[in-house]
Amino acid sequence: MLAKSARGYWPAEPLTVHLSAALDAARLVAERTGQITVVAGVLARFWDTVALADLLHDAGKIPDGCQAMLAGGPVWGERHEVLSLGFVELVADDELRAWVAAAVATHHRSLTNSPRSLAALYGAAPVGEWRARFSSLDQAAADELAAWLYETASAAGLPVKPLSAGADWVSQAHTELNRLLDRWEYGADPGEGLVAVLLQGAVTMADHLSSAHGKLHLTQPMGPAFAARLEAAITAKGYSLRPHQRRAAAVENHLLLRSRTGSGKTEAAWLWACRQTATMHAAGQGVARVFYTLPYLASINANADRTTRELGSADQVGVAHGRAAAYHLTNAVCPEDGDAERVTAARKAVARQAATRLFKETVRITTPTSCCAPRWSERPTPPCSWTERTRCSSWTSCTPTTPNGSATSWP
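Written out as structure tokens, the structure is:
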């Protein structure tokens with residue numbers, strides 16, 4: 130059973146390998162993100178929900194038509210995430226199961242409010258039509274996958290129960306989608322809606338990370354040690370921290386700094402960021418990420434070079450703008466390089482840009498638009514767009530607006 134077609138130098142990926150990798154990626158995202166305060170009162174087992182959803186999200190790829198497509202055959206024409214809902218009976222707790230189902234169903238497209246939504250494609254179809262559309266489902270393969278899912282989830286310490294061999298997976302998926310539509314089709318409590326947005330984003334992030342065989346950094350170089358090193362470097366030059374720099378280093382939470390050119394605002398921002406990352410880590414909020422926003426590509430590139438030199442770690446400083454790959458390529462090639470070296474450098478530059486899009490680094494130099502503007506695309510309640518919680522060195526808050534005009538707090 131396959132989960133991914135062969136891509137470039139990556140061979141086709143078996144289904145259980147991808148689901149295991151997605152589960153591992155979910156744990157990695159949880160470790161770096163830490164506690165999310167706003168979800169505690171709504172979904173206490175948020176990260177278990179993410180892990181279960183990532184384990185189950187592609188289970189519906191087992192029909193023969195989907196497998197033939199992944200092997201290079203014709204387009205299948207059905208949505209695998211709909212059939213994946215048949216396996217959420219694995220979750221032992223009914224309320225937790227409902228959240229897992231929402232995350233599984235929406236990890237690719239919206240539940241409602243679009244001609245391409247799951248409700249439009251499957252919501253009105255009776256179970257008999259579902260059986261015809263998913264007629265190529267191999268019962269033995271589904272039962273074998275169900276047993277593997279239970280063993281894998283149990284080994285991970287997740288709250289699950291055995292799935293019955295010979296179960297009617299199509300009927301179970303049909304029932305689960307209708308439960309989802311009953312709960313979400315006509316809106317939701319704002320608190321639940323925000324949790325659903327965060328849940329969808331966390332599941333999707335782990336899925337993308339595992340699909341790209343990527344990793345996340347679990348350390349933040351811009352912390353207390355860097356603050357001490359920065360102050361020592363300034364002192365070694367015969368200077369001392371200026372008053373606004375000292376005040377910035379002592380501030381917790383938001384800071385608005387106004388000062389003249391050449392007065393050390395960058396150092397003040399770094400010192401402020403060091404304080405925030407330490408505070409958030411001590412509060413159990415994972416490995417905080419630092420976004421440093423600037424308006425122009427040239428200033429972003431120059432600041433990235435400077436930040437890399439000061440931190441002594443190029444791998445943990447990401448650059449995000451429209452020509453980020455060109456920036457990395459410029460830093461990687463030399464005039465005397467031949468064609469082979471330049472091709473290798475170009476591939477590495479593109480890979481580095483892709484890694485930044487997957488949130489690999491813990492420091493990012495970027496534009497305000499890239500940092501704070503979510504990408505809305507046919508996303509109703511609950512799914513919208515999510516990124517990791519962070520404190521941005523240039524913005525005090527961000528309140529994106531959904532397509533229907535409602536505002537949601539930025540996590």
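Take the position in the sequence shown, starting the count at 1, then add 129; the result is the number in the working numbering. Where is the CB? At the ideal position from N, CA and C, for every residue including glycine. Fair warning: this is a prediction, and the values are worked out from it, not measured in the lab.
In terms of residue numbering, what span does the alpha helix (DSSP H) encompassing residue i cover?
{"i": "Arg376", "result": "372-379"}
{"i": "Phe355", "result": "353-365"}
{"i": "Ala150", "result": "144-162"}
{"i": "Thr281", "result": "268-284"}
{"i": "Thr333", "result": "319-340"}
{"i": "Ala261", "result": "256-262"}
In or out: residue i buried (at least 16 other Cβ within 10 Å) or exposed?
{"i": "Tyr251", "result": "buried"}
{"i": "Asn382", "result": "exposed"}
{"i": "Lys489", "result": "buried"}
{"i": "Ala325", "result": "buried"}
{"i": "Pro464", "result": "exposed"}
{"i": "Tyr425", "result": "exposed"}
{"i": "Ser538", "result": "Interpretation of Ser538 is limited by its pLDDT of 32, a score under 50 that renders its predicted location unreliable; no figure is taken from the coordinates."}
{"i": "Gly215", "result": "buried"}
{"i": "Ser246", "result": "buried"}
{"i": "Tyr315", "result": "exposed"}
{"i": "Leu347", "result": "exposed"}
{"i": "Leu148", "result": "buried"}
{"i": "Gly413", "result": "exposed"}
{"i": "Thr166", "result": "exposed"}
{"i": "Leu274", "result": "buried"}
{"i": "Gly367", "result": "exposed"}
{"i": "Thr390", "result": "exposed"}
{"i": "Thr459", "result": "exposed"}
{"i": "Pro244", "result": "exposed"}
{"i": "Ala469", "result": "exposed"}
If you drop the 5 nearest sequence neighbours on each side, which residues of the same chain put their C-beta closer than 8 Å to that of residue i?
{"i": "Leu131", "result": "Ala141, Glu142, Pro143, Leu144, Lys190, Gln196, Leu199, Ala200"}
{"i": "Ser392", "result": "Arg371, His373"}
{"i": "Ala261", "result": "none"}
{"i": "Leu240", "result": "Ala231, Ala234, Ser246, Leu247, Ala248, Leu309, Leu310, Trp313, Glu314, Pro509, Pro511, Pro512"}
{"i": "Ser369", "result": "Ile363"}
Quick check on this structure: which residue in the options has the alpha carbon closest to the alpha carbon of residue i?
{"i": "His410", "options": "Leu323, Arg136, Glu160", "result": "Glu160"}
{"i": "Val168", "options": "Thr281, Arg208, Gly322, Val217", "result": "Gly322"}
{"i": "Gln268", "options": "Ala443, Ala294, Trp176", "result": "Ala294"}
{"i": "Arg238", "options": "Ala469, Glu210, Asp434, Phe216", "result": "Glu210"}
{"i": "Ala188", "options": "His450, Gly343, Thr281, Ser213", "result": "Ser213"}
{"i": "Thr607", "options": "Asp297, Ala402, Ser134", "result": "Because the chain spans 130 through 540 in this model, residue 607 falls outside it and cannot be assessed."}
{"i": "Val419", "options": "Ala427, His337, Leu440", "result": "Leu440"}
{"i": "Pro192", "options": "Trp205, Leu184, Thr348, Thr178", "result": "Trp205"}
{"i": "Ala356", "options": "Leu328, Trp399, Tyr315", "result": "Trp399"}
{"i": "Asp318", "options": "Leu157, Ala469, Gly170, Asp468", "result": "Gly170"}
{"i": "Gln374", "options": "Gln445, Arg387, Thr166", "result": "Arg387"}
{"i": "Phe543", "options": "Leu328, Ala248, Ala407", "result": "There is simply no residue 543 to check, as the chain begins at 130 and stops at 540 in what is shown."}
{"i": "Thr178", "options": "Glu224, Val146, His147", "result": "Glu224"}
{"i": "Leu287", "options": "Val448, Leu184, His457", "result": "Leu184"}
{"i": "His186", "options": "Thr406, Phe263, His337, Ile363", "result": "His337"}
{"i": "Ala282", "options": "Leu306, Leu310, Ala221", "result": "Ala221"}
{"i": "His450", "options": "Ala407, Thr406, Thr498", "result": "Thr498"}
{"i": "Arg452", "options": "Arg156, Ala271, Val479, Pro203", "result": "Val479"}
{"i": "Arg358", "options": "Glu396, Asn460, Ala341, Arg389", "result": "Glu396"}
{"i": "Leu157", "options": "Gln482, His147, Ala335", "result": "Ala335"}
{"i": "Ala454", "options": "Ser442, Ala443, Lys477, Val446", "result": "Lys477"}
{"i": "Ser134", "options": "Val446, Ser265, Gly202", "result": "Gly202"}
{"i": "Arg136", "options": "Ala276, Ala341, Leu148", "result": "Ala341"}
{"i": "Gly194", "options": "Asn430, Asp444, Asn307, Leu266", "result": "Leu266"}
{"i": "Leu306", "options": "Arg208, Pro350, Ala284, Glu273", "result": "Arg208"}
Near residue i, which residues of its chain fall below 6 Å by C-beta distance, leaving aside the five closest residues on each side in sequence?
{"i": "Ser339", "result": "Ala150, Ala151, Ala154"}
{"i": "Ser300", "result": "Val256"}
{"i": "Tyr138", "result": "none"}
{"i": "Ala546", "result": "Examination of residue 546 is not possible in this model, given that the chain is present from 130 through 540 alone."}
{"i": "Trp259", "result": "Val299, His303"}
{"i": "Ala415", "result": "Reading off the sequence shown, one finds Gly at residue 415, where the question assumed Ala. So the list reads Arg161, Thr162, Gly163, once near-sequence residues are dropped."}
{"i": "Arg226", "result": "Val217, Val220"}
{"i": "Gly320", "result": "Val171"}
Ignore the nearest five residues each way along the sequence and tell me which others in residue i's own chain have a CB closer than 7 Å to its CB.
{"i": "Asn432", "result": "Tyr421, Leu423, Ile494"}
{"i": "Tyr279", "result": "Leu219, Val289, Pro291, Leu292"}
{"i": "Gly352", "result": "Cys403, Thr406, Ala407"}
{"i": "Ala271", "result": "Ile191, Trp298"}
{"i": "Glu360", "result": "Leu370"}
{"i": "Gln482", "result": "Ala453, Ala454, His457"}
Hey, quick one: how far does the beta strand (DSSP E) through residue i stretch, first residue to last?
{"i": "Leu309", "result": "Not the beta strand (DSSP E): Leu309 falls in the alpha helix (DSSP H), residues 298-313."}
{"i": "Glu132", "result": "This sequence places Ala at residue 132; Glu is not what is there. Run containing Ala132: 131-133, per the beta strand (DSSP E) assignment."}
{"i": "Val492", "result": "492-495"}
Which runs of the alpha helix (DSSP H) spanning at least 4 residues fall entirely within the stretch 407-446, listed in chain order? 426-440
Could you tell me which uninterrupted alpha helix (DSSP H) segments, each at least 4 residues in length, are contained entirely in the stretch 181-232, listed from first to last along the chain? 193-199, 209-213
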